[in-house]
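Written below as structure tokens is the structure these notes are about.
There are 2 protein chains.
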Amino acid sequence: MGHQVDLDILKRTELLQGVPDAVLSEFLAAALRRRVAAGEALINQGDPVDAVFVVIVGRLRVSQTNSEGQQIIIRYLGPGQIAGYSALTGGDVHPGTVLALEDSHLFGWSSAVFQELMARHSAIAINVVKVLGARYNEVKIRLRQMSTERVEQRIASTVLRLAEQAGHRTARGIEIAFPLSRQDLAEMTGTTLHTVSRTLSAWEEKGIVTSGRRRVVVAQADALKAIASAEK
Amino acid sequence: MGHQVDLDILKRTELLQGVPDAVLSEFLAAALRRRVAAGEALINQGDPVDAVFVVIVGRLRVSQTNSEGQQIIIRYLGPGQIAGYSALTGGDVHPGTVLALEDSHLFGWSSAVFQELMARHSAIAINVVKVLGARYNEVKIRLRQMSTERVEQRIASTVLRLAEQAGHRTARGIEIAFPLSRQDLAEMTGTTLHTVSRTLSAWEEKGIVTSGRRRVVVAQADALKAIASAEK
DNA sequence: AATGGAATTTGCGTCCGCGCAAGCTTCCGG
DNA sequence: CCGGAAGCTTGCGCGGACGCAAATTCCATT
Numbered sequence: 062m063g064h065q066v067d068l069d070i071l072k073r074t075e076l077l078q079g080v081p082d083a084v085l086s087e088f089l090a091a092a093l094r095r096r097v098a099a100g101e102a103l104i105n106q107g108d109p110v111d112a113v114f115v116v117i118v119g120r121l122r123v124s125q126t127n128s129e130g131q132q133i134i135i136r137y138l139g140p141g142q143i144a145g146y147s148a149l150t151g152g153d154v155h156p157g158t159v160l161a162l163e164d165s166h167l168f169g170w171s172s173a174v175f176q177e178l179m180a181r182h183s184a185i186a187i188n189v190v191k192v193l194g195a196r197y198n199e200v201k202i203r204l205r206q207m208s209t210e211r212v213e214q215r216i217a218s219t220v221l222r223l224a225e226q227a228g229h230r231t232a233r234g235i236e237i238a239f240p241l242s243r244q245d246l247a248e249m250t251g252t253t254l255h256t257v258s259r260t261l262s263a264w265e266e267k268g269i270v271t272s273g274r275r276r277v278v279v280a281q282a283d284a285l286k287a288i289a290s291a292e293k
Numbered sequence: 062m063g064h065q066v067d068l069d070i071l072k073r074t075e076l077l078q079g080v081p082d083a084v085l086s087e088f089l090a091a092a093l094r095r096r097v098a099a100g101e102a103l104i105n106q107g108d109p110v111d112a113v114f115v116v117i118v119g120r121l122r123v124s125q126t127n128s129e130g131q132q133i134i135i136r137y138l139g140p141g142q143i144a145g146y147s148a149l150t151g152g153d154v155h156p157g158t159v160l161a162l163e164d165s166h167l168f169g170w171s172s173a174v175f176q177e178l179m180a181r182h183s184a185i186a187i188n189v190v191k192v193l194g195a196r197y198n199e200v201k202i203r204l205r206q207m208s209t210e211r212v213e214q215r216i217a218s219t220v221l222r223l224a225e226q227a228g229h230r231t232a233r234g235i236e237i238a239f240p241l242s243r244q245d246l247a248e249m250t251g252t253t254l255h256t257v258s259r260t261l262s263a264w265e266e267k268g269i270v271t272s273g274r275r276r277v278v279v280a281q282a283d284a285l286k287a288i289a290s291a292e293k
């Protein structure tokens, strides 16, 4: 990959948006490259924080596990997004695990280097503030949903959100672009794979979705929206 | 209040920690002062974002309400903490309501002014990154608890957290320093005031807590910790 | 084509926590 | 000092979602 190509890639990341080329070059010069194979972890929960990454190619999943091994999925990461933001906030260990779902390629910076770059370029720090603010808002909304909504509503909004973020138009509807098991959905909505399975089956019977092994296609987004927002 | 006194106050806020006096003076000069009486809202959910605040004196509660009027409590704010961080992250409307529980006094800056100050002083932006990172981590942990733990555990960890953050040693144990109703606890743990009441009654019978009208005192923190962590 | 593992479906019994309702206590304002 | 509102407690019945278990389907690999 040429220097200019790399610059164009960096320019489109949430972290380095709207940053002058001169600064981008500086970041590029300091960047380390990292490849992670599908199924491998980029970051393990509890590991000491040493670097922050930006996804160039691939898809990863951020999860958090409690002491009894029960885990929840925090979010999915795609190209342009930040992984391992703890290096930015001064945390000492990573609060979650980042696992590659596909072979992925990332740029990274050691904590020290990034902290220094951030101190010299406030535009970057401001970008980080924006990204973290957005993440924080998302999680607060999910927290509210977990507190106030029933399982079916939560599954509906989660499927809708994923369809929006990683949707792919097909003849049968909007297909979620990456493999998504019942278990995964359960870990995102705070329920069990059994309940997710039952719910999807019921929806399938009504023609709202089609689904298969680790695959979900939304046929009637409207119907899902109706389920997600209230009704009963 | 004199200039120096104000500086000392600002210096101790999470937002302006470790910032040189010259910069502090600049912030102070640009600050507006705001008083909110107990029971009044500093910020209403859905309001356009116009300013960010730092609590000088008082205590406030941040909550979020969904379209059906069900609300959850996001967090409590005390002296030194940021209120209305959306002005920093570029949000256009406030995602939550900030209500004063006591008569409170705050310093504030309009979004534009603060954005400008943050752009010129990366140390401030970095402070904001740290604060947001900490908030984000907190909420993720709560999300995990909501997903994986039973009601009693969630109530236990919440009471423990509040006792740590706003605890006050008394003869009978650690008293939570501000009025905290059953309803409040329910809105923090995603349950109903009935279940909270039953749980507290059960604990009271075992001597783990004492409680009254909007008042909770932790007598045996150990017992609560045991309940919070597993034990099923 | 066969095989083994992973993912999914579905039935059944159980129970945690909710919803409703009634009654009680505490506090505050007049 | 009184009345009303706000907060708290408790009983009762119900049901949504879980847990367990077994069967089935799908897929990758050989």
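Protein chains in written order, with my numbering: chain U, 62 to 293; chain B, 62 to 293.
All C-beta atoms in this analysis are idealised placements derived from N, C-alpha and C, irrespective of residue type, glycine included.
From a predicted model like this one, the values you see are computed outputs, not experimental measurements.
- Query: Do you know how far the Cα of residue 86 (chain U) is from the Cα of residue 175 (chain U)?
  - Reply: 14 Å
- What does residue 131 (chain U) reach in chain B if we use C-beta pairs closer than 7 Å? 209
- Task: Compare the C-beta of residue 76 (chain B) against all C-beta atoms of chain U and say whether one is closer than 8 Å.
- Result: no
- Query: Under 8 Å between C-beta atoms, does residue 84 (chain U) make it to chain B?
  - Reply: no
- Which class does residue 236 (chain U) belong to by DSSP, given the choice of helix, strand or coil? strand
- Message: Can you check whether the C-beta of residue 204 (chain U) is within less than 8 Å of a C-beta belonging to chain B?
- Response: yes
- Using a Cβ-Cβ cut-off of 8 Å, state whether residue 91 (chain B) counts as contacting chain U. no
- Message: With a threshold of 8 Å on Cβ separation, who are the neighbours of residue 101 (chain U) within its own chain once the five nearest residues in sequence on each side are excluded?
- Response: 160, 161
- Rounded to a whole number of angstroms, what is the C-alpha to C-alpha distance between residue 293 (chain B) and residue 226 (chain U)? Because the pLDDT at residue 293 (chain B) is just 45, under 50, the model does not fix this residue reliably, and the value given afterwards should be weighed accordingly. About 36 Å.
- Residues of the stretch 137-165 of chain B whose Cβ lies closer than 9 Å to any Cβ of chain U, in chain order: 146, 147, 149, 150, 151, 152, 156, 157
- Message: DSSP has residue 93 (chain U) in a bridge; who is on the other side?
- Response: U:169
- Task: Say whether chain B places a C-beta atom closer than 8 Å to the C-beta of residue 244 (chain U).
- Result: no
- Identity of the residues DSSP links to residue 270 (chain B) by a beta bridge: B:279
- May I ask whether a heavy atom of the ligand SAH can be found less than 7 Å away from the beta carbon of residue 90 (chain B)? Although the ligand SAH was asked about, the structure shown includes no ligands whatsoever.
- Contact the stretch 167-184 of chain B vs the stretch 80-94 of chain B: 3+ CB pairs below 8 Å: yes
- Would you check if there are 3 or more beta carbon pairs closer than 8 Å linking the stretch 103-110 of chain B to the stretch 195-202 of chain B? no
- Item | Backbone CA spacing between residue 238 (chain B) and residue 137 (chain B) [nearest angstrom] | 12 Å
- Message: Using beta carbons (cut-off 8 Å, strictly below), is residue 105 (chain B) in contact with chain U?
- Response: no
- Query: From the DSSP output, which residues share a beta bridge with residue 144 (chain B)?
  - Reply: B:114
- At a CB-CB cut-off below 8 Å, which residues of chain U make contact with residue 196 (chain B)? 197
- Message: Does chain B have any CB closer than 8 Å to the CB of residue 125 (chain U)?
- Response: yes
- With 8 Å as the threshold, decide whether the Cβ of residue 282 (chain B) is near any Cβ in chain U. no
- For residue 191 (chain B), go through chain U and note every residue whose CB falls closer than 8 Å to its CB, in chain order. 150, 151
- Short CB-CB distance (under 8 Å) between residue 293 (chain U) and chain B: Confidence is the limiting factor: at residue 293 (chain U) the pLDDT is only 45, short of 50, which leaves the residue's position unreliable, though a coordinate-based value still follows. Not one chain B Cβ lies under 8 Å of residue 293 (chain U).
- Message: Bridge partners for residue 27 (chain B) per DSSP, in chain order?
- Response: Past the boundaries of the shown model lies residue 27 (chain B); chain B is included only from 62 to 293, so the question cannot be answered.
- chain U contact for residue 216 (chain B) (CB, 8 Å cutoff): no
- Message: Under 8 Å, Cβ to Cβ, is there at least one residue of chain B near residue 286 (chain U)?
- Response: no
- Item | DSSP three-state assignment for residue 251 (chain U), whether helix, strand or coil | coil
- Message: Run through chain U and tell me which residues come within less than 9 Å of residue 258 (chain B), C-beta to C-beta.
- Response: Ordered by position in chain U, no residue passes the 9 Å Cβ test against residue 258 (chain B), which lies about 18 Å from the chain.
- Task: Would you please state the rounded distance, in angstroms, between the beta carbons of residue 119 (chain B) and residue 75 (chain B)? I believe it to be under 8 Å.
- Result: Not quite, the Cβ-Cβ distance comes to about 16 Å (not below 8 Å), so this is no contact.
- Message: Please report whether the beta-carbon of residue 212 (chain U) lies at a distance below 8 Å from any beta-carbon of chain B.
- Response: no
- Span of the alpha helix (DSSP H) holding residue 231 (chain U)? Residue 231 (chain U) -> not in any alpha helix (DSSP H); beta strand (DSSP E) instead, spanning 228-231.
- Sort U:242, U:218, U:280, U:146 by Cα distance to residue 190 (chain U) and report the nearest one. U:146
- What residues in its chain sit with their C-beta under 7 Å from that of residue 246 (chain B), if we drop five residues either side in the sequence? 216, 219, 257
- Quick one: does residue 183 (chain U) have its CB under 8 Å from some CB of chain B? yes
- Under a three-way DSSP split, which group does residue 78 (chain U) fall into? coil
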